[in-house]
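>
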Amino acid sequence: MNQIKKYSFIIGLIIFAIILSKTNLEGIFQNIKNINPLYLILAMLMTIPTLFNKALCWNYIKRKQGIKYNLKDSFLMYCSGIYIGLITPGRIGEITKAIHLKKDGHSMGKSLVSTVIDRLSDFAFLLLFLFVGSLFLITIFQKQVLILILGIILSIAIFLIALKFDLIKWVINKLFNKLVPKKYQKSWKLNFQDFINDLKSYKLKHYLVILFITTFSWIFYYLQMFILAKGVGIDIPILYLAIIVTIAGLITLIPISISGIGTRDATLLALFIPFAITTEQIIAFSVLILLMSLFAAFVGLICWLIKPIKL
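For what it's worth, the working numbering labels the leading residue of the sequence shown as 1109, then goes sequentially.
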């Protein structure tokens, strides 16, 4: 893991350095310096309802498994995961939420279900939002948007087919039979069965409630991004901005950087091209997004100190 983090950080820094070498650094600092402090305060305050809604969603998912925690503990565990997740590639550190549950006596298979569904609910929302939102961008990006729409449809179709024919279960089983040492395979199979059993306990109505709560989390996030964009003088419709930051957010999940440094900047530069926004404004906006992530991680650090766990 340390090697992965090391090389991921290096790749991200290289991309970021290349971008900065072609940018007016003084212009970036000037854009950040000129931000009205009120915009920053409002943006930071939006972090709290975003995290609260995410913790609420995770709490609901756990309760459907019969795993009951009060909302305060769920908030502390969820935010602790964000703190660990921010400093690991692709946010894989968020698996600490499952470790919290395992520490309290639940099997790892059972504990992983809520973490997986929580992440999938975000991914499902983003795909759905991109599919609908990209229709509004078709006149701007044309060919690129058509490719994006086809890619989303194909991804959903593959997932539904795999779900229908139990291909996901088969692939995971084969993968872990290869990767897990023989002496741990018996334990893995028991955990895997717990995972599958609990996954089957969710009905369509449960997934709809999860998607509904997840939607509110993202609404708060998009409002936060809109406030930051206004702060650096980026004035585009909130729908377009939401689509752009959604795509950038998905790109940052690729584990080739830490906290999206480099990859987010490059993605934003490519997507803001049709709106005649200066490079300095875009990089300043990207830096502010990173700042909000660091603030969320700071909240997570406080939660970690209140409810720590040995990894």
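Every residue gets a Cβ at the ideal spot worked out from N, C-alpha and C, and that includes glycine.
Just so you know, these numbers come straight off a predicted model, no measurement behind them.
Thinking C-alpha only, which one of D1226, I1126, G1135, E1134 is nearest L1159?
The residue you call residue 1159 lines up with position 51 of the sequence shown. The option with the nearest alpha carbon to L1159 is D1226.
> For the putative contact between I1190 and A1405, defined by C-beta atoms under 8 Å, what is the C-beta separation to the nearest angstrom?
Along the sequence shown, one-based indexing puts residue 1190 at 82. Along the sequence shown, one-based indexing puts residue 1405 at 297. 6 Å between Cβ atoms; contact.
> Please classify T1386: does DSSP put it in a helix, a strand, or coil?
To locate residue 1386, count along the sequence shown from 1; it is residue 278. It is coil, neither helix nor strand.
> Please confirm whether A1063 and F1393 have their CB atoms less than 7 Å apart.
Residue 1063 lies beyond the range of the chain shown here (1109 to 1419); nothing can be said about it.
> Where do the ends of the alpha helix (DSSP H) carrying S1325 lie?
Your numbering for residue 1325 matches position 217 in the sequence shown. Start and end: 1312-1339.
> Buried or exposed: where does G1174 fall if 16 or more other Cβ atoms within 10 Å of its Cβ makes it buried?
Counted from its first residue, the sequence shown places residue 1174 at position 66. Exposed, since its Cβ has fewer than 16 Cβ neighbours within 10 Å.
> Does DSSP put S1394 in a helix, in a strand, or in coil?
As a working mapping, residue 1394 is identified with position 286 in the sequence shown. DSSP places S1394 in helix when its eight states are reduced to three.
> Just reading off the alpha helix (DSSP H) that K1460 is part of, what are its end residues?
Outside the displayed range of the chain (1109 to 1419) lies residue 1460, so it cannot be described from this structure.
> Would you mind working out which of A1125, A1151, M1216 sits nearest L1399, comparing C-alpha positions?
In the sequence shown, counting from the first residue as 1, residue 1399 sits at position 291. With distances taken between Cα atoms, L1399 lies closest to A1151.
> Taking only the alpha-carbon atoms, compute the straight-line gap between L1319 and I1335 and give it to the nearest angstrom.
Locating residue 1319 in the sequence shown gives position 211, where the first residue counts as 1. Locating residue 1335 in the sequence shown gives position 227, where the first residue counts as 1. Approximately 24 Å between the Cα atoms of the pair.
> Just to confirm, are C1165 and T1322 a CB contact at a threshold of 7 Å?
Sequence index remark: in the sequence shown, residue 1165 carries index 57 (1-based). Sequence index remark: in the sequence shown, residue 1322 carries index 214 (1-based). In contact: C1165 and T1322 (Cβ atoms closer than 7 Å).
> Can the beta-carbon of I1417 be found closer than 7 Å to that of H1214?
Position 309 of the sequence shown, counted from the first residue, corresponds to residue 1417. Position 106 of the sequence shown, counted from the first residue, corresponds to residue 1214. Going by C-beta atoms, I1417 is not nearer than 7 Å to H1214.
> A1206 and L1220 - do their beta-carbons sit closer together than 7 Å?
Residue 1220 sits at position 112 when you count from the first residue of the sequence shown. Residue 1206 sits at position 98 when you count from the first residue of the sequence shown. For L1220 and A1206, yes; Cβs fall inside 7 Å.
> First and last residue of the alpha helix (DSSP H) that includes I1207?
For the purposes of this step, residue 1207 is identified with residue 99 of the sequence shown, where counting begins at 1. Start and end: 1204-1211.
> Any contact between the segment 1324-1331 and the segment 1134-1148? By contact I mean 3 or more CB pairs, one from each, below 8 Å.
Touching, no.
> Is I1192 buried or exposed, if buried means 16 or more other CB atoms sit within 10 Å of its CB?
Taking the first residue of the sequence shown as 1, we reach residue 1192 at position 84. So I1192 ends up on the buried side.
> Between Q1389 and N1139, is the Cβ-Cβ spacing less than 7 Å?
By one-based count along the sequence shown, residue 1389 stands at place 281. By one-based count along the sequence shown, residue 1139 stands at place 31. Closer than 7 Å, so yes.
> At which residues does the alpha helix (DSSP H) containing N1139 begin and terminate?
Within the sequence shown, the letter at position 31 stands for residue 1139. From DSSP, the alpha helix (DSSP H) with N1139 extends over 1133-1141.
> List the whole-angstrom C-beta distance separating I1344 from F1383, where the pair is believed to meet the contact cut-off of C-beta under 8 Å.
As a working mapping, residue 1344 is identified with position 236 in the sequence shown. As a working mapping, residue 1383 is identified with position 275 in the sequence shown. That pair is a contact at about 5 Å.
> Sorted by chain position, which residues of the same chain lie with C-beta nearer than 7 Å to F1124's C-beta, five sequence neighbours on each side aside?
Here residue 1124 refers to the residue found at position 16 of the sequence shown. I1369, G1370, D1373, listed in sequence order.
> Where does D1230 land, buried or exposed, given buried means 16+ other C-beta within 10 angstroms?
The sequence position of residue 1230 within the sequence shown is 122, counting from 1. So D1230 ends up on the buried side.
> Relative to the alpha-carbon of F1505, which residue among F1324, I1391, I1127 has its alpha-carbon at the smallest distance?
Summary: the structure shown does not reach residue 1505, with the chain confined to residues 1109 through 1419, and so no result is reported for it.
> Compare the beta carbon distance of I1169 and S1222 with 7 Å and say whether it is the shorter of the two.
Walking along the sequence shown from the start, residue 1169 turns up at place 61. Walking along the sequence shown from the start, residue 1222 turns up at place 114. Cβ distance < 7 Å, so I1169 and S1222 count as in contact.
> For I1203, which residues from the same chain have a beta carbon less than 7 Å from its beta carbon, with the 5 sequence-adjacent residues on both sides left out?
The residue given as residue 1203 occupies position 95 in the sequence shown. Closer than 7 Å at Cβ, skipping near neighbours: T1223.
> Return the CA-CA distance between V1340 and A1378, expressed in angstroms with no decimal places.
Counting from 1 along the sequence shown, the entry for residue 1340 is found at position 232. Counting from 1 along the sequence shown, the entry for residue 1378 is found at position 270. If you take the alpha carbons of V1340 and A1378, they lie about 18 Å apart.
> Hey, quick one: how far does the alpha helix (DSSP H) through I1359 stretch, first residue to last?
Residue 1359 sits at position 251 when you count from the first residue of the sequence shown. Per DSSP, I1359 belongs to the alpha helix (DSSP H) from 1346-1360.
> Applying the criterion that 16 or more other CB atoms from any shown protein chain within 10 Å of the CB defines a buried residue, is N1167 buried or exposed?
The residue labelled residue 1167 in the question sits at position 59 within the sequence shown. It counts as buried.
> In the structure shown, what three-state DSSP assignment does D1181 receive?
Within the sequence shown, residue 1181 is the residue found at index 73, counting from 1. Correct three-state label for D1181: helix.
> Considering D1373, what are the terminal residues of the alpha helix (DSSP H) in which it resides?
Taking the first residue of the sequence shown as position 1, residue 1373 is located at position 265. From DSSP, the alpha helix (DSSP H) with D1373 extends over 1371-1380.
> Going along the chain, which residues of its own chain have a beta-carbon closer than 6 Å to the beta-carbon of V1407, five neighbours each way excluded?
If you number the sequence shown from 1, residue 1407 lands on position 299. Hits under 6 Å: C1187.
> Count the other CB atoms within 10 Å of the CB of K1218; is the residue buried (16 or more) or exposed (fewer)?
Within the sequence shown, numbered from 1, the residue matching residue 1218 stands at position 110. So K1218 ends up on the buried side.
> Taking D1233 as the reference, which of L1358, W1412, L1402 has the closest Cα?
In the sequence shown, counting from the first residue as 1, residue 1233 sits at position 125. Looking at the sequence shown, residue 1233 is not Asp but Phe. Ranking the options by Cα distance to F1233, first place goes to L1358.
> Where does P1416 fall in DSSP's three states?
The sequence position of residue 1416 within the sequence shown is 308, counting from 1. Three-state DSSP puts P1416 in coil, outside helix and strand.
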